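The numbers in UniProt numbering rise by one with no breaks, and the one at position 105 of the sequence shown is 105. Every residue, glycine too, gets a C-beta built ideally from N, C-alpha and C. If you're wondering where the values come from, they're calculated on a predicted model, not measured in any experiment. Okay, so here's the structure we're looking at.
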Amino acid sequence: MHSPTPDPQTPIPASREHKPQPGASSGADTGKPKTVSVTVKDQLGDEITFKIKRNKPMSKIMEAYCQHKEIGDIQSVRFLYDGLRIEKEHTADSLEMDVEARLDVFLEQLGGAR
Numbered sequence: 001m002h003s004p005t006p007d008p009q010t011p012i013p014a015s016r017e018h019k020p021q022p023g024a025s026s027g028a029d030t031g032k033p034k035t036v037s038v039t040v041k042d043q044l045g046d047e048i049t050f051k052i053k054r055n056k057p058m059s060k061i062m063e064a065y066c067q068h069k070e071i072g073d074i075q076s077v078r079f080l081y082d083g084l085r086i087e088k089e090h091t092a093d094s095l096e097m098d099v100e101a102r103l104d105v106f107l108e109q110l111g112g113a114r
C-alpha cells in the first residue's frame, strides 16, 4: 500500500531526515569531507601519505615530512601542488584540494649563474 506524500510544509520525522556522513563538514561546502589525504612524493619517487583537516595550514604537513625524512631545515625543501609552490599558511581549502591530493617535494637549489 502507498503512504501519502507528505505536505511540503510538514517537517520530516527525525528518523527520515538526511543525516550528514561522518567526516562531512557543515556549512556552505556541505558534502566535502573535513579531511584531505595528501601524498607527498619526493624526487626519488618515495611517497608518504598524511591526513590533514581542510582548514589546517600546510606547514603541518611540511614539518611532519621534514621530521619523517630527518631534514633539519624546512627551508631546504620546496613543496608544489599542481606545479605551484605551496606556502606554509596555505590550507587544503585555499588550494581547493580534492579528497586525495599529491604534493611534490624538491630540494632547494641555489645558483646556476656563473
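Using a Cβ-Cβ cutoff of less than 6 angstroms, which residues in the same chain neighbour residue i once the five nearest sequence positions on both sides are dropped?
i   : result
A92 : V36 and R54
E89 : P57
G27 : Legend: pLDDT at G27 = 38, less than 50; position of this residue unreliable, no value from coordinates given.
L95 : Y81
According to DSSP, is residue i helix, strand or coil?
i   : result
A64 : helix
S94 : coil
I86 : coil
I48 : strand
Using a 10 Å radius around the Cβ and a threshold of 16 neighbouring Cβ atoms, would you call residue i buried or exposed?
i   : result
V99 : exposed
L84 : exposed
Q21 : In this prediction, Q21 has a pLDDT of 41, which is less than 50 and means its spatial position is unreliable; what the coordinates show is noted afterwards. By the neighbour-count rule (16 or more Cβ atoms within 10 Å), Q21 is not buried but exposed.
Below 8 angstroms on the Cβ atoms is my guess for residue i versus residue j; work out the distance and round it to an integer in Å.
i   : j   : result
I74 : E63 : 6 angstroms
E47 : S76 : With a Cβ gap of about 20 angstroms, E47 and S76 do not count as contacting.
Taking the C-alpha atoms as reference points, what is the distance between residue i and residue j?
i    : j    : result
V40  : S59  : 13 angstroms
Q43  : F79  : 11 angstroms
T49  : G111 : 31 angstroms
Y65  : K34  : 21 angstroms
G72  : V105 : 15 angstroms
K32  : E70  : 33 angstroms
A24  : G45  : Residue confidence is low: A24 scores 40 on pLDDT, short of 50, so the model does not pin down where it sits. Its coordinate-derived value is still stated next. Taking the straight line from one Cα to the other gives about 32 angstroms.
L103 : I86  : 9 angstroms
I61  : A101 : 12 angstroms
For residue i, is the beta carbon positioned less than 8 angstroms from some heavy atom of the ligand ADP?
i   : result
Q75 : Looking for the ligand ADP in the displayed structure turns up nothing, as the structure carries no ligands at all.
Can you list, in chain order, the residues of its chain with a C-beta nearer than 8 angstroms to that of residue i? Leave out the 5 residues immediately preceding and following it.
i   : result
H68 : I48
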